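Colleague: Mind looking over this structure? Questions follow.
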Amino acid sequence: MLSTLASASSPVTAAPPAPLLEVRDLRVHFFVREGVVRAVDGVDFRVNPGETLGIVGESGSGKTVSSMSIMRLVPPPARNVGGQILFEGEDLLAKTPDEMEALRGRRIAMIFQNPATSLNPIYSIGAQLGEILRWHLKLSRAEADARVVELLTLVGISDPATRLRQFPHELSGGMKQRVGIARALLCNPSLVLADEPTTALDVTIQAQILELLADLQARLKMSMVLVTHDMGVVARMAHRITVMYAGRVCESADAATIFNAPQHPYTRALLESMPRIDQSYTGTKRQPLPTIAGRPPNLLNPPPGCRFHDRCPEASAECRRLLPLETTIAPGHSVSCLKRGSEGIAA
Amino acid sequence: MGTARYIARRLIFSLCLIIGVSIILFTMINAIGNPIEVLLAERPGITEEMIQAVTEYYGLHGSVTDRYFTWIWALLRLDFGTSIIYNLPVSEMLVTYGLETLKIQVPAILIALCVSVLISVLAATRQYSRVDFGVIAGAMVGHSLPGFLLGIILILVFSYTLGILPSYGAYSTRNPLWGSDMADALWHMVLPVGMLVFFNCATLTLLLRSSLVDVLRQDFITAARASGLPERRVVFGHALRNAFIPVLTYLGILFGLMLGTAPVTETVFTWPGLGALYIMAIQQLDYPLIMGATMVITVMLVTATLLTDIAYVAIDPRIRLG
Ligand SMILES: Nc1ncnc2c1ncn2[C@@H]1O[C@H](COP(=O)(O)OP(=O)(O)O)[C@@H](O)[C@H]1O
Ligand SMILES: [Mg+2]
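Going down the list, the protein sequences come from chains R and G. So the first sequence is numbered by the working numbering: it starts at 1 and just counts up by one. So the second sequence is numbered by the working numbering: it starts at 348 and just counts up by one.
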């Protein structure tokens, strides 16, 4: 039954295409008074051109920090302490601040979680979106207005010419998120990072926004990183999925593989805790959803071994001692688990 | 509700406020009794008739309501009466002394505004750094330092020890410095303006820095950065404008009380301004002067409050007029 969930399957290609974005061994640590918080500690993932990568994991697993790192916008006391972020073959971590500035909003753009706080309250929609166009593309005021209207129409906002002059507080939550999406698409970026883009919205609006994102992604053939804690969301949206846990990647594969043949015990647990259509909430057979027992480890000086060992049903003595390294078990499918043949290092 | 109607309503409210203050002021001055009797009491050779004559000369006869309306009617014609001590028209004195006060207050507020914006940006963009802590500490000290103390230190250092800046007055009594009236006036302004800048700066920086720190943490700032806007535009265009909203009220009060907050500075530097004049008028019970100055200060404050409210509407679209 899991297969019905993985509706967005990856295009079948003989050789894997050159990725648009490839993150290798990314490490971002928070240097706080109590010590070092290893929020992101050796993360790998890649995004192919024209595909959506879903990054999924419980809250606190390092998804936001990872996506902010791609923008090079992690705030202090966080600091990038290693790895590579290859975007169109160039390492973003080696770029100068000016080069990053020219890239942000233009070739990589971001959609934020909370539309209520991510628009500037004192500027009109036209003013704040137009400013970005005038800055990056040196458009005139009239040209920028025309482009903003075009984008507002694209994201399904009615009467865009009026919206142009309105302020964020005059729009509904869903409408604001549409504006947030329009803002990200202004300069035709090749990569869009969406961090929990529907988490702050009403349930009915969530579906509309996801539909819009999926539609735009397909129509504009853009690449997207969709960060979420919700397996249901990645099921609808993602071509590939990377599962994160406690600052590390557990498993990466195309969506069909993750849903039909998950390998990592954490991926399996996540899928089991997901509400499913077939064992629906209707009727009398209602069962409580299974949840994963226990809590993620403290990332401030985490214990040795696999990060998941104390919640893992399969954990053995070596899982408490050795940190599993990512291993490719099939083309495009990698997993980090000693029980699935991963190599382990003492850490 | 339209902006025009909002402003009209605020105008009417302001007018009521001014009338209210005028009634309270008039009642309190009257509660003292006939000021002529108070002033002339215990002087030898003063007869009842003489007091009667002077009372009538100053228009202090008749019923209280009659006198109030006479006073208001005169005020509307900008006739503030005659100063008892100086024997000059009060309106003329208010203009002369008021301009001297504005001459140091307006530059002081404007300079303080620019300086505190720069310092706040410097501190808030480096939150918890040494620069930031230094700014907070400095602003706290400045905020709590007694006004006269700084004035005296300034005089001791720049006038007494170094001898490079004048310590009192607005003009040289004999020859102007370097034979130029303009240079002479500017030279005399340096210390009092410096002292006012320091105090205004301390408070403005405390308010603006903390407001800016709050704003810089907001999502829309990260979003502006993620849109590729340069840091300069993010801070000055997006953050600072938002950060100013809570500071506007204080800025309004600063402008509104310009004429009323000068006494300490004007006393320390013997500045011929309205603040010093006001203190003197109260000490000597020069009631036309007291009433005139109080009304001018009231009108200033009410006008500044009105302008602040209008500024809020202009800067913050979320404010619902009503
Ligand atoms: N300001 C901070 N100081 C210290 N640690 C932090 C801070 N912000 C985030 N972290 C750490 O980073 C981890 C990952 O955070 P985040 O990327 O926001 O998680 P997610 O987006 O997956 O919910 C958190 O579990 C926390 O330990
Ligand atoms: Mg997050």
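Idealized CB from N, CA, C, for every residue including glycine. Just so you know, these numbers come straight off a predicted model, no measurement behind them.
1. For L456 (chain G) versus L601 (chain G), is the C-beta distance shorter than 7 Å?
2. Does N589 (chain G) get closer than 7 Å to chain R when you measure Cβ to Cβ?
3. Looking at C-alpha atoms only, which residue of R:M244, R:R104 and R:T52 is the closest neighbour of R219 (chain R)?
4. Please report the distance separating the alpha-carbon of Q631 (chain G) from that of S124 (chain R).
5. For a test of the three-state rule: what should DSSP assign to Q208 (chain R), helix, strand or coil?
6. Give me the DSSP bridge partner(s) of H348 (chain R).
7. Run the CB neighbour count on M375 (chain G), radius 10 Å, all protein chains shown included, and call it buried at 16 or more, exposed below.
8. Compute the Euclidean distance between the alpha carbons of V581 (chain G) and K176 (chain R), then round it to the nearest angstrom.
9. Going along chain G, which residues have a C-beta under 8 Å from R104 (chain R)?
10. Between S118 (chain R) and chain G, is the shortest Cβ-Cβ distance under 7 Å, so that the two count as touching?
11. Let me confirm a value: L465 (chain G) is counted as buried when at least 16 other C-beta atoms fall within 10 Å, else exposed. Which label applies?
12. Counting pairs of beta carbons, one from the region 222-230 of chain R and one from the region 189-208 of chain R, are three or more of them closer than 8 Å?
13. Give the secondary structure of V192 (chain R) by DSSP, where H, G and I count as helix, E and B as strand, and everything else as coil.
14. State the start and end residues of the unbroken alpha helix (DSSP H) segment that holds Y266 (chain R).
15. Taking 6 Å as the limit, tell me which residues put their C-beta closer than that to any heavy atom of ligand 1, in chain order.
16. Does T282 (chain R) come within less than 7 Å of chain G when only Cβ atoms are used?
17. Of all the options G:L621, G:D656 and G:A651, which has the alpha carbon lying nearest to the alpha carbon of G680 (chain G)?
18. Which residues of chain R have a Cβ atom closer than 9 Å to the Cβ of I666 (chain G), listed in chain order?
19. Check the Cβ-Cβ distances between D528 (chain G) and every residue of chain R, and say whether any is below 7 Å.
20. For T228 (chain R), report the span of its beta strand (DSSP E) as first-last.
21. For the region 232-260 of chain R, which residues have a beta carbon sitting closer than 7 Å to at least one beta carbon of chain G?
22. Pair every Cβ in the region 300-307 of chain R with every Cβ in the region 369-389 of chain G, then say whether three or more of these pairs are closer than 8 Å.
23. Between the region 493-507 of chain G and the region 587-600 of chain G, do three or more beta carbon pairs fall short of 8 Å?
24. Do you know offhand how far P77 (chain R)'s Cα is from F30 (chain R)'s?
25. Ends of the beta strand (DSSP E) at P324 (chain R)?
26. Do the region 139-159 of chain R and the region 67-83 of chain R make contact, defined as three or more Cβ pairs closer than 8 Å?
27. Which of the residues in the region 604-629 of chain G, read from start to end, lie with their CB under 7 Å from any CB of chain R?
28. Kindly identify the DSSP beta-bridge partner or partners of H333 (chain R).
29. For F567 (chain G), return the contacting residues in chain R, with the cut-off set at a CB-CB distance below 7 Å.
30. Can you tell me where the alpha helix (DSSP H) holding R667 (chain G) begins and where it ends?
31. Is I258 (chain R) buried or exposed, if buried means 16 or more other CB atoms sit within 10 Å of its CB?
32. Anything in the region 61-74 of chain R with a Cβ closer than 9 Å to a Cβ of chain G? List those residues in chain order, please.
33. So the candidates are R:R72, R:I111, R:G105 and R:A256; which of them puts its Cα closest to the Cα of T96 (chain R)?
34. Give me, in chain order, the residues of the same chain whose beta-carbon lies closer than 6 Å to that of L305 (chain G); leave out the 5 immediate sequence neighbours on both sides.
35. Classify K138 (chain R): buried if its beta carbon has 16 or more other beta carbons within 10 angstroms, exposed otherwise.
36. Answer yes or no: does any C-beta atom of chain R fall closer than 7 Å to that of D656 (chain G)?
Modeller: Quick answer:
1. As a position in the second sequence, residue 456 (chain G) is number 109, starting the count at 1. As a position in the second sequence, residue 601 (chain G) is number 254, starting the count at 1. The sequence given here places Ile at residue 456 (chain G); Leu does not occur at that position. In this structure, L601 (chain G) lies closer than 7 Å to I456 (chain G) by Cβ.
2. Indexing the second sequence from 1 puts residue 589 (chain G) at position 242. At a cut-off of 7 Å, the C-beta of N589 (chain G) has a neighbouring C-beta in chain R.
3. The residue given as residue 219 (chain R) occupies position 219 in the first sequence. Looking from the CA of R219 (chain R), the closest CA among R:M244, R:R104 and R:T52 belongs to R:T52.
4. To locate residue 631 (chain G), count along the second sequence from 1; it is residue 284. To locate residue 124 (chain R), count along the first sequence from 1; it is residue 124. Straight-line measurement puts the Cα of S124 (chain R) at about 57 Å from the Cα of Q631 (chain G).
5. By one-based count along the first sequence, residue 208 (chain R) stands at place 208. Note: Q208 (chain R) maps to helix in three-state DSSP.
6. The requested residue 348 (chain R) is not part of the displayed model; chain R covers only 1 to 347.
7. Indexing the second sequence from 1 puts residue 375 (chain G) at position 28. With a 10 Å radius around the Cβ and a threshold of 16 neighbouring Cβ atoms, M375 (chain G) comes out exposed.
8. Here residue 581 (chain G) corresponds to residue number 234 of the second sequence, with the count starting at 1. Here residue 176 (chain R) corresponds to residue number 176 of the first sequence, with the count starting at 1. Each residue's alpha carbon lies about 20 Å from the other.
9. Counting from one through the first sequence, the residue named residue 104 (chain R) turns up at place 104. What R104 (chain R) touches in chain G: R572, A573, S574 and G575.
10. For the purposes of this step, residue 118 (chain R) is identified with residue 118 of the first sequence, where counting begins at 1. The C-beta of S118 (chain R) comes closer than 7 Å to at least one C-beta of chain G.
11. Residue numbering aside, residue 465 (chain G) sits at position 118 when the second sequence is read from its first letter. The residue in question, L465 (chain G), is exposed, as its Cβ has fewer than 16 Cβ neighbours within 10 Å.
12. Contact between the region 222-230 of chain R and the region 189-208 of chain R is present, with at least three C-beta pairs closer than 8 Å.
13. Start at 1 with the first residue of the first sequence, and residue 192 (chain R) comes out as number 192. In the structure shown, V192 (chain R) adopts extended strand secondary structure according to DSSP, grouped into three states.
14. As a position in the first sequence, residue 266 (chain R) is number 266, starting the count at 1. DSSP places Y266 (chain R) in the uninterrupted alpha helix (DSSP H) bounded by P265 to E272.
15. Residues with a Cβ closer than 6 Å to any heavy atom of ligand 1, in chain order: R:F30, R:V32, R:V37, R:A39, R:G57, R:S59, R:G60, R:S61, R:G62, R:K63, R:T64, R:V65 and R:L299.
16. For the purposes of this step, residue 282 (chain R) is taken as the residue at position 282 of the first sequence. Unreliable placement is indicated for T282 (chain R), whose pLDDT of 48 sits below 50; the coordinate value is still reported in the next sentence. Output row for T282 (chain R): interface = no.
17. This structure cannot speak to residue 680 (chain G), because chain G is shown only from 348 to 669.
18. Position 319 of the second sequence, counted from the start, is the residue given in the question as residue 666 (chain G). Neighbours of I666 (chain G) in chain R, taken as residues at a C-beta separation under 9 Å, are lacking, since the least C-beta distance is about 10 Å.
19. On the second sequence, position 181 is the one that residue 528 (chain G) refers to. Closer than 7 Å: no.
20. Here the question's residue 228 (chain R) lines up with position 228 in the first sequence. Taken as a continuous stretch (DSSP letters only), the beta strand (DSSP E) holding T228 (chain R) covers S223 to T228.
21. Flagged: no residues at all.
22. At 8 Å Cβ cutoff, the stretches do not touch.
23. A contact is defined here as three or more CB-CB pairs under 8 Å, and the region 493-507 of chain G fails this definition with respect to the region 587-600 of chain G.
24. Within the first sequence, residue 77 (chain R) is the residue found at index 77, counting from 1. Within the first sequence, residue 30 (chain R) is the residue found at index 30, counting from 1. Whole-angstrom Cα-Cα distance: 5 Å.
25. Here residue 324 (chain R) refers to the residue found at position 324 when the first sequence is read from its first residue. Element bounds for P324 (chain R): L322 to P324.
26. They do not touch, by the three-pair rule.
27. Interface annotation for the region 604-629 of chain G against chain R: empty, criterion Cβ-Cβ distance under 7 Å.
28. The residue labelled residue 333 (chain R) in the question sits at position 333 within the first sequence. Partner(s): R:A330.
29. Stepping through the second sequence from its first residue, residue 567 (chain G) is reached at position 220. Close partners of F567 (chain G) in chain R (Cβ separation under 7 Å): T117, S118, L119 and N120.
30. Along the second sequence, read from residue 1 onward, the residue named residue 667 (chain G) stands at position 320. Judged by DSSP secondary structure, R667 (chain G) falls outside any alpha helix (DSSP H); it is assigned neither H nor E.
31. Working through the first sequence from its first residue, we reach residue 258 (chain R) at position 258. Answer is buried; the Cβ neighbour count reaches 16.
32. Within the region 61-74 of chain R, the qualifying residues are M68, M71 and L73.
33. Numbered from 1 along the first sequence, position 96 holds the residue referred to as residue 96 (chain R). When only C-alpha atoms are compared, the closest one is R:R72.
34. Nothing about residue 305 (chain G) can be reported from this structure: the residues present for chain G run from 348 to 669 only.
35. On the first sequence, residue 138 (chain R) is found 138 positions in, with the first residue counted as 1. Exposed.
36. The residue given as residue 656 (chain G) occupies position 309 in the second sequence. No, its Cβ sits nowhere closer than 7 Å to a Cβ of chain R.
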